[in-house]
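Mapping to the numbering used here: the sequence shown position 372 is 1441, numbers consecutive.
Cβ atoms here follow ideal geometry from the backbone N, Cα and C, with glycine treated the same way.
Since the model is a prediction, treat every value here as computed from it, not as a measurement.
Below is one structure, written out as structure tokens; comments come after it.
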Amino acid sequence: MPWRPSDDLAQAVALEVLLHGPLPRIELARRLDLAPATLTRISAELIDAGLLIEAPHLAERRNGRPSIPLDVVSDAHHFLGIKLSTDSVMAAVTDLRAEVVDYFELPLSSADPATVVQGIHAATEQAGSTYPIDAIGIGVGGVVTREGVVTSAPFLGWTDVPLAAMVQERTGIPAFAANDLAAFTEAQHWFGLGIGHDNFAAITLGVGVGFGCVANGRLLANDDSGVGLVGHWPLDPNGRTCVKGHRGCAEAMLTVPAIVRNASDAMGRPVDWGEFLTLVHEGEPEAVRIASDSGRALGRLIAAVANLVAPSLVIVGGEGVELADVAAEAVQRGIREDRDPRAAPVHVELTSGSNTSWCRGAAVIALQGYVLDRRRVGSRRG
Ligand SMILES: [Zn+2]
């Protein structure tokens, strides 16, 4: 069943119900400033097309008459979201509301583009045996054009790989690729903590430090998004140095590898991320000091973002998100140091840093491309 509302107005109604539904007709008419008769015509058409259904179990009585909300048929469409590492393809299947209904990983023998595309094809076949896949989204740590060309992905060793086109050609299914942080931020925007916020920022902690921003309801992005420009933001004049020689930059203070390296040096033996967190919980003094220094640096980064971009919410996620939890006090201290006390408190929320959440972000890129019918690679419809 295709997602093809007949015109822009029908598209607007369908999107409003997708993003904010279930909604009663009267509320939909108010939100979109439509005459009731117009909405009645459009909703009948969308119900006929199988895009919307009435949800009588959610009916409320208004002025004595029951008002039956409209909802999307969320399990009528499925999207495959892919996260790539150098040795595996991670895949999540979502429905139309970006709820993850399946997740699995497949090994890769190498990270060269042909092998990766073959791996994505295998994942599509596996997912497709249970769920018909409407579109594929791939999140890549690197610079990705709107057309889905990966111009640079250092960790994969890729330059100018037309990934979306290759996947679409191999699978025969519409495919979209985007920078993984842009995908994560879009997922928060449409279906996550960013719902209801026209201005919010996302910071991710992991192998690198990522920053994404939605301003006036739109993702801020340009050709340099994906270079990782926040990675060397200075945060602690007494911190350790990064590979580029900056003292106390975001990469030196906040990435999981940097924190683990600090902890291992301090303990005189290899310490991984899980053990580091355990040591902090147990109150091991060196681990607590490292968590506190890094937590304060995170607070200063959050304050910088809040001061410069004025978001109503800062979302922290990524594999290293637990830092914000185990060092919560230091994070608040760092924010206070760099935030004028007359300014509103910074609203910070933490979200999952799992691989599933990155895959879900990629699935949302597929979902958006599909329902907005944009960036269709090789589309005959333009
Ligand atoms: Zn640096």
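Secondary structure at residue i, three-state DSSP: helix, strand or coil?
i: Arg1408; result: coil
i: Val1212; result: strand
i: Asn1248; result: strand
i: Gly1386; result: strand
i: Trp1227; result: strand
i: Arg1338; result: coil
i: Arg1166; result: coil
i: Asp1076; result: coil
i: Gly1281; result: strand
i: Asp1144; result: helix
i: Glu1418; result: strand
i: Asp1171; result: strand
i: Arg1287; result: strand
i: Leu1274; result: strand
i: Leu1177; result: coil
i: Val1357; result: helix
i: Arg1309; result: coil
i: Val1296; result: coil
i: Ser1053; result: With the chain covering only 1070 through 1451, there is no way to say anything about residue 1053.
i: Val1218; result: coil
Among residues of its own chain, excluding the 5 on either side of residue i, which ones have a beta-carbon nearer than 8 angstroms to its beta-carbon?
i: Ala1366; result: Leu1304, Asp1305, Gly1308, Gly1317, Ala1319, Met1322, Leu1323 and Gly1403
i: Val1230; result: Pro1182, Val1218, Val1219 and Ala1222
i: Glu1168; result: Ser1143
i: Gly1090; result: Pro1138, Leu1139, Asp1140 and Val1141
i: Ala1128; result: Pro1135, Ser1136, Ile1137 and Pro1138
i: Met1426; result: According to the sequence provided, residue 1426 is Ser. The question's Met does not apply to it. Excluding positions up to five away in sequence, the list reads Phe1253, Ala1256, Gly1386 and Thr1420.
i: Asn1285; result: Asp1267 and Asn1268
i: Glu1194; result: none
Around the Cβ of residue i, are there at least 16 other Cβ atoms within 10 angstroms (buried) or fewer (exposed)?
i: Asn1331; result: buried
i: Ile1434; result: buried
i: Pro1104; result: The displayed chain sequence assigns Ala, not Pro, to residue 1104. It is exposed - the Cβ of Ala1104 has fewer than 16 other Cβ atoms within 10 Å.
i: Val1086; result: buried
i: Val1446; result: With a pLDDT of 38 at Val1446, under the threshold of 50, the modelled position of this residue cannot be trusted, and the question is left open.
i: Ala1327; result: buried
i: Phe1245; result: buried
i: Leu1262; result: buried
i: Lys1152; result: buried
i: Gly1119; result: exposed
i: Leu1392; result: buried
i: Ala1412; result: exposed
i: Ile1095; result: exposed
i: Glu1406; result: exposed
i: Val1312; result: exposed
i: Thr1163; result: buried
i: Ser1448; result: No answer about Ser1448 holds up, because its pLDDT of 37 lies below 50 and its placement is not dependable.
i: Glu1398; result: exposed
i: Val1170; result: exposed
i: Ser1198; result: exposed
i: Arg1215; result: exposed
What whole-angstrom Cβ distance do residue i and residue j have, given they're in contact under 8 angstroms?
i: Asn1268; j: Pro1414; result: Contact flag wrong, Cβ pair sits at about 16 angstroms.
i: Val1383; j: His1416; result: 7 angstroms
i: Leu1149; j: Ala1375; result: About 35 angstroms separates the two Cβ atoms, so there is no contact after all.
i: Val1325; j: Trp1302; result: Wrong, their Cβ atoms sit about 17 angstroms apart, outside the cutoff.
i: Tyr1439; j: Ala1204; result: 4 angstroms
i: Gly1368; j: Val1400; result: 4 angstroms
Enumerate in chain order the residues of its own chain whose CB-to-CB distance from residue i is below 7 angstroms, with the five nearest sequence positions on each side excluded.
i: Gly1226; result: Ala1180
i: Val1296; result: Val1212
i: Ile1264; result: none
i: Gly1451; result: Its pLDDT being 30, under 50, Gly1451 is placed unreliably in this model, and the value from its coordinates should be taken loosely. Nothing listed; no residue qualifies.
i: Ala1191; result: Leu1175
For residue i, which residues of its own chain have a beta-carbon under 6 angstroms away from its beta-carbon, when the five flanking residues on both sides are left out?
i: Pro1125; result: Ile1137
i: Leu1165; result: Val1141, Ser1143 and His1146
i: Leu1289; result: Cys1282
i: His1266; result: Ser1381 and Leu1382
| Between the stretch 1248-1264 and the stretch 1202-1216, do at least 3 Cβ pairs fall closer than 8 angstroms? | yes
| field | the stretch 1361-1372 / the stretch 1341-1348 touching (three or more Cβ pairs under 8 angstroms) | value | no
| task | Examine the Cβ distances between the stretch 1177-1186 and the stretch 1235-1243 and report whether three or more of them are shorter than 8 angstroms. | result | yes
| said: Does the stretch 1071-1081 come into contact with the stretch 1101-1114, if we say contact requires no fewer than three beta-carbon pairs (one atom in each stretch) closer than 8 angstroms? | reply: yes
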